[in-house]
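Residue numbers (our numbering): 954 to 1196.
Built from N, CA and C at the ideal position, the CB exists for glycine as well.
Working notes, beginning with the structure itself.
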Amino acid sequence: MRDRLMATPHLTILPDNPDFLELPWDQPLATWEVANIVELPRGVHRHVVRFLTYGEVVYAIKELPRAFARNEFAALRELRNRGASVVEAAGIVERAWVDPSEEWSAAVITQYLDFSFSYRELISGTGFGKRREQMLDGFAGLLVELHLLGCYWGDCSLSNVLYRYDAATVDITMVDAETTELHDRLSRGQRQADIEVMILNVAGGMADIAAEQGNEIDNADLRLGEDIARRYGRLWDELTREI
């Protein structure tokens, strides 16, 4: 009985979502074999992520160390309240019997963004050339939006967002917020640090795609992040000049 109680997870689920109580939370996510798991395209993640259907709604469950999970859950909720373009948090699960530094010590549940896709699908797909400018503008716009709302991302990259086509734009939504810090206002130094991380991460992502496609790294679009940074600067100046 004592062992069973120790292996009882603590679930915090927000209203208007399933209770998720039937899921095998006493097991690591990677080992689950449940009927409603579906395979969907995903970006590159350092954590285990799986998707489950409940009626017409798809949920993403991501395991990560407890402190990061708590930070992500709180940040997504607060950013949503501030009007940011972020996925909707549905809940957090904590496994108190697991070492908090372990990947499976906690999990964050979010609603999957319908009709979205990863950057690999976007960049590797046909027609990206025509959408490139829209993607760059959208990515810069999201970063400006988050900075205006006092969010220091800390790990801004192509793989930490999801993309959706609109008529003449590419809508971009933050999905990973485990490293975020929320403030009333960001300093110039904080914003610049975020941009520098973004430039490095984007270059790394483009190099990975080139390698996957069997291309030389010299042919990778390694300056994509610098292009985003220039657009960010122009948009930031335009918006803050009016404030």
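Anticipated Cβ contact below 8 Å, residue i with residue j, distance rounded
i     : j     : result
Y1158 : L1111 : It should be pointed out that residue 1158 corresponds to Gly in this sequence rather than to Tyr. The pair is a contact, with the Cβ atoms about 4 Å apart (cut-off 8 Å).
V1039 : T1126 : 6 Å
L1089 : I1162 : About 16 Å; that fails the 8 Å criterion.
N1113 : V1128 : 6 Å
A1130 : A1028 : 4 Å
Q1064 : V1123 : So it is not a contact: roughly 20 Å between Cβ atoms.
F1004 : I990  : 7 Å
A1164 : L1175 : The Cβ separation is near 12 Å, so there is no contact.
Terminal residues of the alpha helix (DSSP H) in which residue i lies
i     : result
D1147 : 1141 to 1165
D1180 : 1177 to 1194
Buried or exposed (CB count within 10 angstroms, at least 16 for buried), residue i
i     : result
N1034 : exposed
R1048 : buried
R1153 : Per the sequence shown, the amino acid found at residue 1153 is Leu instead of Arg. With fewer than 16 Cβ atoms within 10 Å of its Cβ, L1153 is classed as exposed.
S1069 : buried
D1137 : exposed
G914  : The question about residue 914 has no answer here: the residues shown for the chain are numbered 954 through 1196.
A1093 : buried
W978  : buried
Y1185 : buried
L1192 : exposed
N1168 : exposed
Y1007 : exposed
P961  : Here residue 961 is Thr; the residue named in the question, Pro, does not match the sequence. Exposed: under 16 other Cβ atoms inside 10 Å.
G1036 : exposed
S1071 : buried
Test: residue i CB closer than 8 Å to a CB of chain C
i    : result
T965 : In the structure shown, chain C does not exist; there is a single protein chain.
Extent of the continuous beta strand (DSSP E) run through residue i
i     : result
A1013 : 1010 to 1017
R999  : No beta strand (DSSP E) contains R999, which DSSP labels as neither H nor E.
V1114 : 1114 to 1118
D1137 : Taken as a continuous stretch (DSSP letters only), D1137 belongs to no beta strand (DSSP E), as it is neither H nor E.
T1126 : 1123 to 1127
Would the segment 1044 to 1062 count as touching the segment 963 to 976 if we require 3 or more Cβ pairs under 8 Å? yes
Is the segment 1055 to 1064 touching the segment 1099 to 1115 in the sense that three or more CB pairs, one from each, lie closer than 8 Å? no
Of all the beta strand (DSSP E) runs that stay within the bounds of the segment 1020 to 1087, which reach a length of 3 or more residues? 1042 to 1047, 1059 to 1064
4-residue-minimum alpha helix (DSSP H) runs that sit fully inside the segment 960 to 988, ordered along the chain: none
Counting beta carbon pairs with one atom in the segment 999 to 1019 and one in the segment 975 to 991, are three or more of them shorter than 8 Å? yes
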